[in-house]
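Notes for the one structure printed next.
In full-length UniProt numbering, the protein residues as written are 1 to 530.
Below, the structure is given as structure tokens:
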């Protein structure tokens, strides 16, 4: 047997070990992924940090993402790092597909239809769209999602001391890529505990408690490993932690009730930080949630588990929404704000009832049996509509980004042309921008029927050209995307120039006199400093 035959045999062996639902979920992720995100894969969208992070993976050690930092160093020494829409985007979709296959294995899903819908939901959920505004680091983020599912899988498949440790290592790796995936792991643990009661596998409260305590130990150990390694890297690299959104602020336990209440409030609005800004999506999500609660109650009644075990499981079931919202509890800082980038765990609002459907049959009572069939049918319809709705929303978000990107290119090009046309201009002069983050330009026109675009409230997708210009990467946008600018371009961040009497007297651009040469420097007054 030659080498190629051996390789082909191993590939066939691997594919043969996959279940039908694993194949279906992976194929569904690929198809729906291209359908939902193809625009972002085949076009370059320079929004938010993606407009200037062309050769980076973003913040790493300074925000405790040491896994991302290690990966970046490896790439710098080998492949180099590039923000590649097609490669990074497609690899992200592949990783989501792998996570879907792990999910099929964890809960032993048998229905091909359920696998197909779950795969679609996992990839079209608009958190993915928000991450694709960070295309430069998208595939490592979704590699971290695979780590999160694997962390849960290891402990769920077999509870042992060894697996608690192995699972905690996977969790530490997950957090070293993206801390917001903690909610995914906790949700998977709680869901498995609930399903074991429904399936009659949990014979006693003690066994239920052991599972819960084991999960808590794993979470504590994983968080501990991640935190210790973070401290080590910060010390040996002499890095000052980045107080991004208040992450480094000490946790104030007195504020926990307020933070907890805010998490529950956000969950029950079903807005999902703008993902469900459209009313029909909120209404569908509310209906899905209500039917999910009904399904859980009916399944617990049907379960052969002891009554005391069923009652104990209600505590865990109630905590599932909290697990989905655990990212809200990670900081008590007033600066901390949860965005669509951080709430992938909320996709389980739609996935959990689909997993329950396979168990939602053969009720002894005829009325209950018919009700179960009706609920299952409604659930499949609702989740399918949500899936297609998110596909539409994702494409609309990319369209929104493209519109404002086109406007920004024209605006910045005209701005540079006006700078060069200033009497007395020389290319060796410093160009100083004043008020660049507070643009005042009444000639910036709103898109016609802008209320349609306002229905898209995904994080990192601008709501206007003015918002895009005001964001602090505008100079990099000119340099990297228009090919204009050098070290002579300066942002007056310290307000030294803006305080000069001559500058204070200037009107703002594009009014006549908004660009002037003062002390052999070109002053461009975009707005008044606050």
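The beta-carbon is built from N, C-alpha and C at its ideal position, and this holds for glycine as well.
- Look at residue 489 here: in three-state DSSP terms it is strand.
- With distances taken between CA atoms, residue 278 lies nearest to 392 out of 353, 392, 365 and 11.
- Judged by DSSP secondary structure, residue 76 falls within the alpha helix (DSSP H) whose first and last residues are 66–77.
- With a cut-off of 8 Å on Cβ pairs, the region 412–430 is in contact with the region 519–527, counting three or more such pairs.
- Assignment of beta strand (DSSP E) within the region 4–43, counting only whole runs of 3 or more residues, yields no such run.
- Secondary structure note for residue 308: its alpha helix (DSSP H) is the uninterrupted segment 307–324.
- For residue 179 and residue 172, the gap between their C-alpha atoms comes out near 9 Å.
- No beta strand (DSSP E) of 3 residues or more sits fully in the region 146–223.
- Excluding sequence positions up to five before and after residue 468, its CB lies within less than 6 Å of the CB of 404, 408 and 462, all in the same chain and listed in chain order.
- Within the same chain, 109, 110, 111 and 114 come within 8 Å of residue 358 by CB-CB distance, once the 5 residues on both sides are set aside.
- Assignment of residue 430 by DSSP, reduced to helix, strand and coil, places it in the strand class.
- Around residue 192, the same chain offers 156 as residues with beta carbons nearer than 6 Å, after the five sequence neighbours per side are excluded.
- Residue 347 counts as buried, since at least 16 other C-beta atoms from the protein chains shown sit within 10 angstroms of its C-beta.
- Taking residue 280 as reference, the option from 388, 508, 197 and 514 with the minimal CA-CA separation is 388.
- Taking a C-beta distance under 9 Å as the contact criterion, residue 176 and residue 67 qualify as a contact pair.
- Residue 491 sits close to residue 432, with the two beta carbons spaced by under 9 Å.
- One thing to note: residue 104 has its Cβ no nearer than 9 Å to the Cβ of residue 138.
- When beta bridges are read from the DSSP output, residue 522 appears opposite 431 and 517.
- Residues 270, 282 and 285 of the same chain have their beta carbon placed closer than 8 Å to that of residue 276, with the five preceding and five following residues left out of the count.
- By a beta-carbon distance limit of 8 Å, residue 181 contacts residue 344. Their separation comes to about 7 Å.
- Here residue 243 is exposed, its C-beta having fewer than 16 other C-beta atoms within 10 Å.
- Per DSSP, the unbroken alpha helix (DSSP H) holding residue 130 starts and ends at 127–131.
- Leaving aside the five residues that flank residue 251 on each side, the residues in its chain whose CB is nearer than 6 Å to its CB run, in chain order, 332.
- With contacts defined as CB atoms closer than 9 Å, residue 466 and residue 441 qualify as a contacting pair.
- Residue 430 and residue 504 do not touch by the CB rule: their CB atoms are close to 19 Å apart, not below 8 Å.
- The beta carbon of residue 147 is closer than 6 Å to those of 170, 173 and 174 in its chain, skipping five residues each way along the sequence.
- Between residue 397 and residue 300, the C-beta gap is not smaller than 9 Å, which leaves the two residues out of contact.
- Contact between residue 40 and residue 134 is absent: CB atoms are separated by about 11 Å, not below the 8 Å threshold.
- Of the other Cβ atoms in all chains shown, fewer than 16 fall within 10 Å of the Cβ of residue 238; this residue is therefore exposed.
- Counting only residues of its own chain and dropping the five nearest sequence neighbours on each side, residue 42 has a CB closer than 8 Å to the CB of 85 and 86.
- Of the residues assessed, residue 263 falls on the buried side of the cut-off, its CB having 16 or more other CB atoms within 10 angstroms.
- DSSP places residue 408 in the uninterrupted alpha helix (DSSP H) bounded by 366–420.
- In terms of Cα proximity to residue 96, the closest of 265, 73, 28 and 74 is 28.
- Restricting attention to 195, 231, 291 and 218, the CA atom closest to the CA of residue 63 is found in 231.
- Nearest C-alpha to residue 384 among 360, 435, 411 and 351: 351.
- Going by C-alpha positions, residue 74 is about 46 Å away from residue 499.
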